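Undergrad: What follows is a single structure, and I will ask about it in a moment.
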Amino acid sequence: MEISIIMPVYNEKSFLSRSIESVLNQTFQDWELIIVDDGSLEDIYANCESYLKQDRRISFHRQKHAGQATARNYGLSLAKGKYIAFLDADDCMHPLLLEQLYKDIQSTGLRMAVCDFTSDELSFKKVPYEMRTPDIWDVSKDSIDVKAAIKKDNVYLWNKLFEKKLFEDVKFADGRFYEDTAIMHRLFQNAGRISYNTNILYFYYQNPQGTIHTFDEKKIMDCLWAHRQRIHFYCSRRYLNDLKHVAHTFLYIAYDLYAEGVEKCDTNKIYLRKKIRWYVKKVFQKYNLEEHFPFHGKLRLHIFLYYPRLFEAGLYFRQKVKRINRLWTCLHSK
Numbered sequence: 000m001e002i003s004i005i006m007p008v009y010n011e012k013s014f015l016s017r018s019i020e021s022v023l024n025q026t027f028q029d030w031e032l033i034i035v036d037d038g039s040l041e042d043i044y045a046n047c048e049s050y051l052k053q054d055r056r057i058s059f060h061r062q063k064h065a066g067q068a069t070a071r072n073y074g075l076s077l078a079k080g081k082y083i084a085f086l087d088a089d090d091c092m093h094p095l096l097l098e099q100l101y102k103d104i105q106s107t108g109l110r111m112a113v114c115d116f117t118s119d120e121l122s123f124k125k126v127p128y129e130m131r132t133p134d135i136w137d138v139s140k141d142s143i144d145v146k147a148a149i150k151k152d153n154v155y156l157w158n159k160l161f162e163k164k165l166f167e168d169v170k171f172a173d174g175r176f177y178e179d180t181a182i183m184h185r186l187f188q189n190a191g192r193i194s195y196n197t198n199i200l201y202f203y204y205q206n207p208q209g210t211i212h213t214f215d216e217k218k219i220m221d222c223l224w225a226h227r228q229r230i231h232f233y234c235s236r237r238y239l240n241d242l243k244h245v246a247h248t249f250l251y252i253a254y255d256l257y258a259e260g261v262e263k264c265d266t267n268k269i270y271l272r273k274k275i276r277w278y279v280k281k282v283f284q285k286y287n288l289e290e291h292f293p294f295h296g297k298l299r300l301h302i303f304l305y306y307p308r309l310f311e312a313g314l315y316f317r318q319k320v321k322r323i324n325r326l327w328t329c330l331h332s333k
């Protein structure tokens with residue numbers, strides 16, 4: 000067995016058949032599909048039963064609802080393949096995804112291959128496919144500049160093919176959201192160098208009910224926690240360019256969660272905003288991150304931490320300006 004595809008499922012009944020069909024349509028045939036039902040409230044097995052009878056390479060497993068991270072770990076424990084791919088149950092693969100990434104690994108001798116992806120279903124179906132030679136990235140040392148650091152922001156699991164051994168000392172954090180963000184830097188380090196193919200071979204469906212579009216207190220704090228893992232990793236290795244980049248990313252994500260994420264939560268907004276500020280302050284102090292920011296960045300950070308009403312007034316003003324600009328654009332486009 001060459002490739003094990005791990006698909007966690009939790010109530011994604013509407014798109015499950017499309018996802019499974021995209022695996023069955025792969026031109027590369029030496030695979031197994033491991034479906035892990037994470038305690039769905041819906042009858043997921045009924046949707047999978049015909050596929051299980053149709054193809055013995057597909058297996059179905061259940062666990063008590065414990066989250067996607069635990070389902071991925073369970074799938075890894077069952078995997079027989081030399082390589083691992085991940086597929087979300089509302090997404091789908093291009094028929095050539097496995098073949099292309101497998102060829103990229105074999106031709107380069109590397110341990111991880113990456114392809115491009117899109118969330119535009121129409122363009123995904125129309126994009127012409129060309130055989131392309133992949134680029135090679137060295138992701139096992141400090142980035143030389145911001146452009147190189149940005150490449151390490153590709154923290155998604157599903158547009159990659161991994162050698163299974165990369166996970167020997169890496170596990171997903173049970174019960175956490177944003178589990179991919181929290182470990183991808185470690186997988187990059189284990190891989191050393193990776194291949195990147197610019198072919199768009201994965202369709203990522205932006206489910207309005209999905210993790211990135213729905214918020215509660217736990218998701219917000221797990222998002223900050225996941226980015227803190229990146230900060231800790233790069234700080235411990237003294238990768239200063241990467242540390243500077245992820246510190247900025249962490250702070251801007253905190254600003255966005257503070258401004259917009261909190262508005263989508265049922266939790267007491269004053270309490271949750273205070274908790275976000277406390278967490279950011281704690282991380283900045285522990286890793287001495289403020290030194291990586293210019294004066295205006297430090298000023299905004301201090302306003303955020305110590306003068307929240309002034310920070311929120313600035314957010315309110317920016318929202319008003321955006322609305323006026325949208326209205327102005329609308330009026331002048333007619």
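Numbering (numbering that gives the first Met the number 0), first residue to last: 0 to 333.
All C-beta atoms in this analysis are idealised placements derived from N, C-alpha and C, irrespective of residue type, glycine included.
All of these numbers come straight from a predicted model, not from anything done at the bench.
#1: So which of R276, H231, L75 has the shortest CA-CA distance to L250?
#2: Taking DSSP's pairing of strands, which residues face P307 in a bridge?
#3: Pick helix, strand or coil for H64, following the three-state DSSP scheme.
#4: Using only alpha-carbon positions, find the residue among Y44, R17, I4, C47 that is nearest to W30.
#5: If I measure Cβ to Cβ from R61 and keep anything under 7 Å in the same chain, skipping five residues before and after, which residues do I get?
#6: Are the segment 76–88 and the segment 154–162 in contact at 8 Å, needing three or more beta carbon pairs?
#7: Compute the distance between the beta-carbons of A258 and L314, then report whether it is under 8 Å.
#8: With H, G and I counted as helix, E and B as strand and the rest as coil, what does DSSP make of Y34?
#9: Decide yes or no for the touch test of the segment 104–123 against the segment 187–195: beta carbon pairs closer than 8 Å, at least 3 of them.
#10: Count the other CB atoms, across all protein chains shown, that sit within 10 Å of the CB of H64; report buried if there are 16 or more and exposed otherwise.
#11: Report all residues from its chain with a CB closer than 8 Å to the CB of L109; omit the five preceding and five following residues, and keep chain order.
#12: Have a look at N240, D152, K79 and flag the residue whose alpha-carbon is nearest the alpha-carbon of D144.
#13: What does DSSP give as the partner residues of A112 in its beta bridges?
#14: Using DSSP with H/G/I as helix, E/B as strand and the rest coil, what is C264?
#15: Per DSSP, which one or two residues make a beta bridge with T117?
#16: Find the nearest neighbour of C234 within the set Y286, Q205, Y44, judged by alpha-carbon distance.
TA: This is what the structure holds:
#1: Locating residue 250 in the sequence shown gives position 251, counting from the first residue. Of the candidates R276, H231, L75, the one whose C-alpha sits nearest the C-alpha of L250 is R276.
#2: Against the sequence shown, residue 307 aligns to sequence position 308. Beta-bridge partners of P307 (DSSP): none assigned.
#3: In the sequence shown, residue 64 corresponds to position 65, counting from 1. Residue state, collapsed to three classes: coil.
#4: Taking the sequence shown and counting its residues from 1, one reaches residue 30 at position 31. Relative to W30, the option among Y44, R17, I4, C47 whose CA is nearest is I4.
#5: As a position in the sequence shown, residue 61 is number 62, starting the count at 1. Result list for R61: D36, in chain order.
#6: Touching, yes, given that three or more Cβ pairs across the two stretches are closer than 8 Å.
#7: Along the sequence shown, one-based indexing puts residue 258 at 259. Along the sequence shown, one-based indexing puts residue 314 at 315. Taking C-beta atoms as the reference points, A258 and L314 count as a pair closer than 8 Å.
#8: For this step, residue 34 is matched to residue 35 along the sequence shown. Residue identity check: residue 34 is Ile in the sequence provided, not Tyr. I34 falls in the strand class under three-state DSSP.
#9: Short answer: they touch.
#10: Stepping through the sequence shown from its first residue, residue 64 is reached at position 65. Residue burial is scored here from C-beta neighbours: H64 has fewer than 16 other C-beta atoms within 10 angstroms and is therefore classed as exposed.
#11: To locate residue 109, count along the sequence shown from 1; it is residue 110. So the list reads D103, I135, A190, G191, R192, I193, S194, once near-sequence residues are dropped.
#12: Stepping through the sequence shown from its first residue, residue 144 is reached at position 145. Of N240, D152, K79, the residue nearest in Cα terms is N240.
#13: Residue mapping note: residue 112 aligns to position 113 of the sequence shown, counting from 1. Bridge partners of A112: L160, S194.
#14: As a working mapping, residue 264 is identified with position 265 in the sequence shown. If DSSP states are grouped into helix, strand and coil, C264 belongs with coil.
#15: Translated into the one-based positions of the sequence shown, residue 117 becomes position 118. In the DSSP output, where bridge partners are listed per residue, T117 has F202.
#16: Position 235 of the sequence shown, counting from 1, holds the residue named residue 234. Selected option, being the one with the closest Cα: Y286.
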